[in-house]
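Using this note's numbering, read the sequence shown as starting at 2 and increasing by one per residue.
The C-beta atom is built at its ideal place from N, Cα and C for all residues, glycine as well.
This one's a predicted model, so the numbers in the text were calculated from it and none came from an experiment.
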Amino acid sequence: MSNNIKKQSLLGKTPQRKKPTAPTNKRKALAQANVTQAQTQTASSELAETKKSRTGIIVAGVIVFTILVIPKPQLLTYEKLGLVTQSVYWPGLFGYGAMLFDSNLQPNADLARNSLYLCQNNKQPDTCQKYRVTEQAGFFSALQKLILD
Numbered sequence: 002m003s004n005n006i007k008k009q010s011l012l013g014k015t016p017q018r019k020k021p022t023a024p025t026n027k028r029k030a031l032a033q034a035n036v037t038q039a040q041t042q043t044a045s046s047e048l049a050e051t052k053k054s055r056t057g058i059i060v061a062g063v064i065v066f067t068i069l070v071i072p073k074p075q076l077l078t079y080e081k082l083g084l085v086t087q088s089v090y091w092p093g094l095f096g097y098g099a100m101l102f103d104s105n106l107q108p109n110a111d112l113a114r115n116s117l118y119l120c121q122n123n124k125q126p127d128t129c130q131k132y133r134v135t136e137q138a139g140f141f142s143a144l145q146k147l148i149l150d
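This is the structure in structure tokens:
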């Protein structure tokens, strides 16, 4: 039979053996790794949610600001010499591009003084006719007039 030979080192030292690691340490390390991954995932999802909510708030703010700044059409009732007319008047952006939706004439409105000037050419004041504004209605009345006509 075979004899097992023991290895001997010089000066009487025995070879060192590796200590086996405890399986509980591996389990703890894996559990800690899983916890840190879960924490980073929840933190990143919370960050994404806050970014989404911030962009939603910003978009809503821009829409509200746009609605408040852009002029809205009005329904004007104006008359001259007993002839009464209703028309939708849009004041234009910053005073440029004012128009009546059912006329080719260029309007110049002074709604504080209840007067409306309709001109063929704004540069020649003798081509303008003055009308008296008798009634002003809001956006929804103007929208209804545009839809029905």
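The beta strand (DSSP E) with residue i in it runs from where to where?
i, result
"residue 76", "75–81"
"residue 131", "129–138"
"residue 107", "107–111"
"residue 118", "116–120"
Please check if any C-beta of chain C sits within less than 9 Å of the C-beta of residue i.
i, result
"residue 141", "No chain C appears in this structure, which consists of one protein chain only."
Just verifying my parser: in three-state terms, what is the DSSP assignment at residue i?
i, result
"residue 88", "strand"
"residue 104", "coil"
On the criterion of 16 or more Cβ atoms from any shown chain inside 10 Å, does residue i qualify as buried, or is it exposed?
i, result
"residue 75", "buried"
"residue 104", "exposed"
"residue 108", "buried"
"residue 110", "buried"
"residue 89", "buried"
"residue 101", "buried"
"residue 77", "buried"
"residue 97", "exposed"
Stretch-stretch touch, CB-based, cutoff 8 Å, three pairs: the stretch 61–72 with the stretch 81–90 = When Cβ pairs closer than 8 Å are counted between the two stretches, the stretch 61–72 is seen not to touch the stretch 81–90, the count staying below three.
key: contact_flag[the stretch 114–121, the stretch 138–145] where n(CB pairs < 8 Å) is 3 or more   = Short answer: they don't touch.
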